[in-house]
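First residue of the sequence shown: 46, per the numbering used here; consecutive thereafter.
Think of the CB as a built atom: it goes at the ideal place given N, C-alpha and C, for glycine as much as any other residue.
Right, one structure below, let's go through it.
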Amino acid sequence: MARMGDVLAGFHAAWEFESDSVLIRFERGIRTPKLFQALGERRVPLEAIAAVTLTPGKRGTVVLRAVPRPGADPLMEAAAGQLKEGCDPYRLVLPAERETLAEYYADELRGQLTADDEPAERYLVSPPEGPLHFKAYDGKASFDGKSVSFRWFWTGASSAKWKAGDQTFPVADLSGVEWRSPEVFEGHLRLLRREPAPAQADQDPAAVVFGLGYGPVHESLPFAASVLAAVRASGAGALAAAAAPAASTRRDPADIADRIRHLGELHQAGLVTDEEFATKKAELLAEL
């Protein structure tokens, strides 16, 4: 039987097995994904785990993975399936020669699990601690545990956001958070409210848009998770679960030009293909 305090060390992380949880400690090495370094360590209660898998990995490795129960972890809820495999905090990659040891711990964990894959009624894994902040393409986002603030940058913010002015949103006024990875075009963090919002994040004063080098995953995702956990804890999310339909608005030509310029930067950096660039540019021009 696995003893309390047993540790299984892999690449970038080590799992410590306790009576009612798994303590995941992430390395801070230069090769460690930045998200893992930002998280530091996470205690995952056994009731937050739905299953345990062990599969072959790449280049002579095996992967032990704890499958999180839906609704148990605000980080995974905010990520909504957008995390790349190498940044999944529930994967422990081990050398293939440790497969037998990994299988032993996988069986031990499975024997202790009592939860199924039914959604959890509350978050069971603690969110990243605040205060948190990061720079987006069009503004700085800050969260102090009670309210989210956006301070616009004149170099990136749309005219709609300038007209609205800097924003502060109490958690109690929010119904949720929408995070779209900065690693795709038009990534953003949007605060969901009860009233209708503009369809485009760059026109919504309750959203910040990402861009080349702005709003990286290791900064913006923990931020989104922390806000999401605060919204659920306040009970506000349950009161406004039904999102209002987005209002369609005709966009300012200057804003269209800014977005095309931004798209061009991504294209030049090789993050957007020729086809994606042409298609998205045509879509933006069609909105004039």
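query: My guess is that residue 53 and residue 71 are in contact by the Cβ rule of under 8 Å, so how many angstroms apart are they, rounded?
result: So it is not a contact: roughly 14 Å between Cβ atoms.
query: Under 7 Å between the Cβ atoms of residue 265 and residue 179?
result: yes
message: Quick check for students: name the residue ranges of the beta strand (DSSP E) that lie wholly in the segment 97-154, counting only runs of 3 or more.
response: 106-113, 136-140
- prompt: With respect to 6 Å, is the separation between the Cβ of residue 125 and the closest non-hydrogen atom of the ligand NAP below this value?
  reply: Summarising the ligand content, the structure contains no ligands, and the ligand NAP is consequently not present.
task: Name the two residues that bound the continuous beta strand (DSSP E) containing residue 88.
output: 86-90
Where residue 60 sits in the DSSP three-state scheme: strand
query: Between the C-alpha atoms of residue 79 and residue 262, what's the straight-line distance to the nearest angstrom?
result: Here the C-alpha atom of residue 79 lies approximately 8 Å from the C-alpha atom of residue 262.
query: Taking the alpha-carbon positions, what's the residue 109 to residue 76 distance?
result: Those two C-alpha atoms are separated by around 20 Å.
Residue range of the unbroken alpha helix (DSSP H) whose run includes residue 213: From DSSP, residue 213 is part of no alpha helix (DSSP H) but of the beta strand (DSSP E) over 212-215.
- prompt: Can you list, in chain order, the residues of its chain whose CB lies under 6 Å from that of residue 50, leaving out five sequence neighbours each side?
  reply: Shown here for residue 50: not one same chain residue has a beta carbon closer than 6 Å to its own, the five before and five after excluded.
query: Helix or strand or just coil, what does DSSP make of residue 256?
result: strand
query: Does the pairing of the segment 145-163 with the segment 87-95 give three or more beta-carbon distances under 8 Å?
result: yes
message: Can you check which of these residues, 315, 308, 119, is closest to residue 169 by C-alpha distance?
response: 119
- prompt: Do you know offhand how far residue 292's Cα is from residue 221's?
  reply: Bear in mind that the predicted position of residue 292 carries a pLDDT of just 37, short of 50, making it unreliable; the figure below should be weighed with that in mind. When rounded, the distance between both Cα atoms is 18 Å.
query: Exposed or buried, what is residue 234 when buried is set at 16 or more other beta-carbons lying within 10 Å of its beta-carbon?
result: buried
query: Comparing alpha-carbon positions, which option in 213, 74, 135 lies nearest residue 97?
result: The shortest CA-to-CA distance from residue 97 to any of 213, 74, 135 is the one to 135.
- prompt: From residue 286 to residue 274, what distance separates their C-alpha atoms?
  reply: With a pLDDT of only 39 at residue 286, under the threshold of 50, the placement of this residue in the model should not be trusted; the figure read from the coordinates follows. If I take the Cα positions, the gap works out to 14 Å.
- prompt: Does DSSP put residue 298 in a helix, a strand or coil?
  reply: DSSP places residue 298 in helix when its eight states are reduced to three.
task: Please classify residue 204: is it buried, with 16 or more other beta-carbons within 10 angstroms of its beta-carbon, or exposed?
output: exposed
As assigned by DSSP and simplified to three states, the class of residue 243: In the three-state DSSP reduction, residue 243 falls in the strand class (E or B).
Cβ-based burial, residue 115 [other Cβ within 10 Å; buried from 16]: Looking at its Cβ environment, which holds fewer than 16 other Cβ atoms inside 10 Å, residue 115 is exposed.
- prompt: Going by other Cβ atoms of all chains shown within 10 Å of its Cβ, with 16 needed for buried, is residue 197 buried or exposed?
  reply: buried
query: Do you know offhand how far residue 247's Cα is from residue 151's?
result: 45 Å
- prompt: Mapping DSSP to helix, strand and coil, what is residue 199?
  reply: coil
- request: Could you spell out where the beta strand (DSSP E) holding residue 67 opens and where it closes?
  value: 66-71
- prompt: What are the boundary residues of the alpha helix (DSSP H) that includes residue 322?
  reply: 319-331
Member of 314, 149, 163 whose CA lies at the smallest distance from the CA of residue 112: When only C-alpha atoms are compared, the closest one is 163.
message: Considering only the alpha carbon of each residue, which of 193, 210, 181, 123 lies closest to residue 256?
response: Cα-wise, what sits closest to residue 256 is 181.
query: Taking the alpha-carbon positions, what's the residue 294 to residue 240 distance?
result: In this prediction, residue 294 has a pLDDT of 42, which is less than 50 and means its spatial position is unreliable; nothing more can be read from the coordinates.
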